[in-house]
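Start counting the sequence shown at 1; every next residue gets the next number (this note's numbering).
All C-beta atoms, glycine included, are put in the ideal place defined by N, C-alpha and C.
Given the structure is predicted, the values throughout are model-derived calculations rather than measurements.
Written out below as structure tokens is the structure these notes cover.
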Amino acid sequence: MTTFGLRGVSVSLGGSTVLHDVTVEVPPGSVVAVVGGDGAGKTTLVRALVGELPVDRGSVEAPDRVRIGYLPATSGSWAALTVRQNVDFVAGVYGMRGPALDRRREELLTRADLTAAGDRPASQLSGGMRRKLGCCLAIVHRPQLLVLDEPSTGLDPVSRLDLWRLVCEAAADGTAVLMSTTYLDEAERAADLVVLDAGAVLTQGPVDQVLSGFVGAVTATSRPRRPQWAWRRGLVQHEYWPDARGVPADEHVVIPDLEDVVTAASLTHQQRVRA
Numbered sequence: 001m002t003t004f005g006l007r008g009v010s011v012s013l014g015g016s017t018v019l020h021d022v023t024v025e026v027p028p029g030s031v032v033a034v035v036g037g038d039g040a041g042k043t044t045l046v047r048a049l050v051g052e053l054p055v056d057r058g059s060v061e062a063p064d065r066v067r068i069g070y071l072p073a074t075s076g077s078w079a080a081l082t083v084r085q086n087v088d089f090v091a092g093v094y095g096m097r098g099p100a101l102d103r104r105r106e107e108l109l110t111r112a113d114l115t116a117a118g119d120r121p122a123s124q125l126s127g128g129m130r131r132k133l134g135c136c137l138a139i140v141h142r143p144q145l146l147v148l149d150e151p152s153t154g155l156d157p158v159s160r161l162d163l164w165r166l167v168c169e170a171a172a173d174g175t176a177v178l179m180s181t182t183y184l185d186e187a188e189r190a191a192d193l194v195v196l197d198a199g200a201v202l203t204q205g206p207v208d209q210v211l212s213g214f215v216g217a218v219t220a221t222s223r224p225r226r227p228q229w230a231w232r233r234g235l236v237q238h239e240y241w242p243d244a245r246g247v248p249a250d251e252h253v254v255i256p257d258l259e260d261v262v263t264a265a266s267l268t269h270q271q272r273v274r275a
């Protein structure tokens with residue numbers, strides 16, 4: 001089966017390069033999570049993959065548009081239509097009619113816990129319900145490639161679980177899924193993780209591989225020795241030491257988790273850019 005993704009892709013917007021030689025593979029039946037802060041290039045990557053942005057260099061491997069499901073950072077639904085009308089409208093675009101449409105509609109609304117809201121206009125849904133509806137619309141036609149741009153941002157924990165369930169079920173049916181997210185707990189559930197910063201891939205692979213490939217040391221302290229290498233973690237700060245041999249003997253070394261690894265990689269990249 002075809003593996004979709006970007007290969008050596010660079011994209012410029014407004015005279016600035018916003019993606020730098022990015023390669024991301026999205027195999028069928030798996031979920032790939034793209035993680036990064038504001039301005040990292042996540043939305044640009046997503047839009048390049050679905051064909052909304054031209055690329056300057058590299059290649060994009062994606063199915064025909066009709067076989068792509070896409071949920072942008074907006075709600076992804078029509079405010080004046082009811083929940084069921086939204087599903088019927090999008091399904092009709094893909095040629096779904098009659099009993100097959102009825103079955104698919106009720107299946108999706110049940111999975112998304114939206115059945116009781118079926119006759120409610122999308123404008124009257126909560127933010128979480130509307131994002132779940134948008135996800136249903138993106139997968140109604142069982143796409144080969146599903147692309148989601150920060151689908152769970154701002155959602156309550158229950159809505160996030162419902163939405164993640166829809167995503168995982170799509171992958172279990174063989175769909176290749178790429179989703180951008182700011183939540184590292186979601187990224188940990190994905191088959192592969194891509195850490196993006198300022199348009200460059202800092203590290204990627206299965207979460208265990210990303211963690212095991214970490215180089216350096218992280219310490220916990222109330223007063224970091226080098227503030228430019230430190231970040232807040234609860235009541236203390238964590239400080240990254242690129243060379244573990246340079247950690248002072250009186251510092252408390254901790255086992256880095258995914259947040260530590262991602263933050264350390266971003267700080268390292270930022271220091272290199274400044275230099």
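Less than 7 Å separating the beta-carbons of residue i and residue j?
i    : j    : result
G76  : G127 : no
P143 : G69  : yes
K132 : A100 : no
F4   : V24  : no
A217 : V247 : yes
V147 : V46  : yes
L163 : P151 : yes
V35  : A275 : no
Q42  : S222 : Here residue 42 turns out to be Lys, not Gln, going by the sequence shown. No, the pair does not count as a contact, with Cβ atoms beyond the cut-off.
D192 : P206 : yes
For residue i, which residues of its own chain have a beta-carbon under 6 Å away from its beta-carbon, when the five flanking residues on both sides are left out?
i    : result
M1   : P28
L108 : C136
L202 : V195, A265, H269
L178 : V26, V32, V147
R7   : T23, G58, S59
A244 : G216, A217
E251 : T219
R103 : none
If distances are taken between C-alpha atoms only, which option among the options comes closest to residue i?
i    : options                : result
W241 : A220, L13, R233, G234  : A220
H141 : R189, V201, D88        : D88
D208 : P256, A138, P151       : P256
P63  : T110, G154, L145, Y183 : L145
A171 : G213, A91, G154, I139  : I139
Q85  : E61, R120, G98, R103   : R120
R160 : T175, M129, A176       : M129
F214 : R189, V254, R225, G234 : V254
A249 : R225, A91, R233, T175  : R225
Q228 : R97, L235, R272        : R272
If residue i and residue j are in contact, beta carbons under 8 Å, what's the gap, nearest whole angstrom?
i    : j    : result
D149 : A73  : 5 Å
L81  : A122 : 6 Å
V83  : A117 : 5 Å
Excluding sequence positions up to five away, which residues of its chain have a Cβ less than 8 Å from the Cβ of residue i?
i    : result
Q270 : D197, A198
T359 : Because residue 359 is not part of the residues shown, which for the chain are 1 to 275, the question remains open.
S10  : T17, L19, H20, D21, V22, V55, D56, R57, G58
E169 : R111
Y94  : V66, V140, H141
G37  : T182, D197, S266
A40  : L196, D197, A198, G199
A79  : P121, A122, S123
E61  : T2, T3, F4, G5, L6, R7
When you compare the CB of residue i with every CB in chain B, is at least one pair closer than 7 Å?
i    : result
P206 : The chain inventory of the structure shown lacks chain B, comprising one protein chain alone.
Assign residue i to one of three DSSP states: helix, strand, or coil.
i    : result
D250 : coil
I68  : strand
H141 : coil
A217 : strand
T153 : coil
G98  : helix
D197 : strand
R233 : strand
S30  : coil
V83  : helix
M1   : coil
V158 : helix
D185 : helix
A112 : coil
R130 : helix
T268 : helix
W78  : coil
S222 : coil
R120 : coil
D260 : helix
L19  : strand
Report all residues from its chain with a CB closer than 7 Å to the CB of residue i; omit the five preceding and five following residues, and keep chain order.
i    : result
L211 : L258, V261
L53  : V11, T44, R47
L125 : A117, L133
T153 : T182
A190 : V31, V32, A33
Could you check if residue i belongs to the surroundings of the ligand ATP, using beta carbon to heavy atom distance under 6 Å?
i    : result
Q144 : This structure simply doesn't include the ligand ATP, nor any ligand for that matter.
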